[in-house]
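Going letter by letter, the sequence shown gives residues 1 to 140 in full-length UniProt numbering.
I have placed the structure first, in the form of structure tokens, so that the comments after it can refer back to it.
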Amino acid sequence: MTVWTNGAPRPGQRAELTRVVEAADIELFTRLSGDRNPLHYDEKAAAASRFGEIIVQGGITTAILNAVVAERLPGPGSVFLNVNWNFLAPVRPGDEITGAVEVVEVRLDKPVTKLRTTVIRQDGTLVLDGTAVCYTTALE
1 MTVWTNGAPR
11 PGQRAELTRV
21 VEAADIELFT
31 RLSGDRNPLH
41 YDEKAAAASR
51 FGEIIVQGGI
61 TTAILNAVVA
71 ERLPGPGSVF
81 LNVNWNFLAP
91 VRPGDEITGA
101 VEVVEVRLDK
111 PVTKLRTTVI
121 RQDGTLVLDG
131 TAVCYTTALE
């Protein structure tokens with residue numbers, strides 16, 4: 001018996017969203033999270049780091065995946081149950097990032113989907129790679 005109300009996603013299905021990360025996103029994320037790491041604010045500290053300049057918080061980078069999951073695939077009513085993300089390169093203010101998900105596995109007995117997740121910068125650099133498991137509740 002299947003519990004998917006609008007048809008289960010299928011392995012191989014993909015969805016993505018693209019956005020430009022703004023310097024103001026750092027301020028907004030700091031207000032939300034309290035993350036005041038100098039690498040996000042202090043140009044001198046950031047320049048002395050391995051990154052060489054200001055980078056955005058990882059939560060800003062991953063937020064695009066929240067949007068893809070909630071808006072596109074699996075879609076409205078979906079939430080993360082588990083994520084396993086590797087941060088491979090920094091994202092800086094002004095970067096355009098594309099978050100993408102691909103369905104890897106679908107449970108037919110529960111509305112649970114396993115996804116491959118990636119975030120890529122405008123220059124083609126893979127900045128995040130990993131997996132996520134999502135639960136999708138029926139919305140009425």
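We treat Cβ as the ideally placed atom computed from N, Cα and C, and that holds for glycine.
Predicted model only: the values in this text are computed from it and were never measured.
Check: Touch test, the stretch 86-105 against the stretch 125-135, Cβ-Cβ under 8 Å, three pairs minimum; Outcome: yes
Check: Bridge partner(s) assigned by DSSP for residue 37; Outcome: Looking at the DSSP assignment, residue 37 forms no beta bridge with any residue, so it has no partner.
Check: Touch test, the stretch 28-42 against the stretch 53-60, Cβ-Cβ under 8 Å, three pairs minimum; Outcome: yes
Check: DSSP state of residue 115 mapped onto helix, strand, coil; Outcome: strand
Check: Alpha carbon of residue 8 to alpha carbon of residue 114, nearest angstrom; Outcome: 12 Å
Check: Unbroken beta strand (DSSP E) run spanning residue 99, endpoints; Outcome: 96-107
Check: Of the residues 111, 67, 60, 116, the one placed nearest residue 141, counting alpha carbons only; Outcome: No answer is possible for residue 141: the residues shown for the chain start at 1 and end at 140.
Check: Alpha-carbon to alpha-carbon, residue 111 and residue 20; Outcome: 32 Å
Check: For residue 56, three-class secondary structure by DSSP; Outcome: coil
Check: Buried versus exposed call for residue 14 [16 or more other C-beta atoms within 10 Å across all chains shown]; Outcome: exposed
Check: DSSP bridge partner residues for residue 25 (one or two, in chain order); Outcome: Paired residue(s): none; residue 25 is not in a bridge.
Check: Classification of residue 46 by the beta-carbon crowding that lies within 10 angstroms, buried from 16 upward; Outcome: buried
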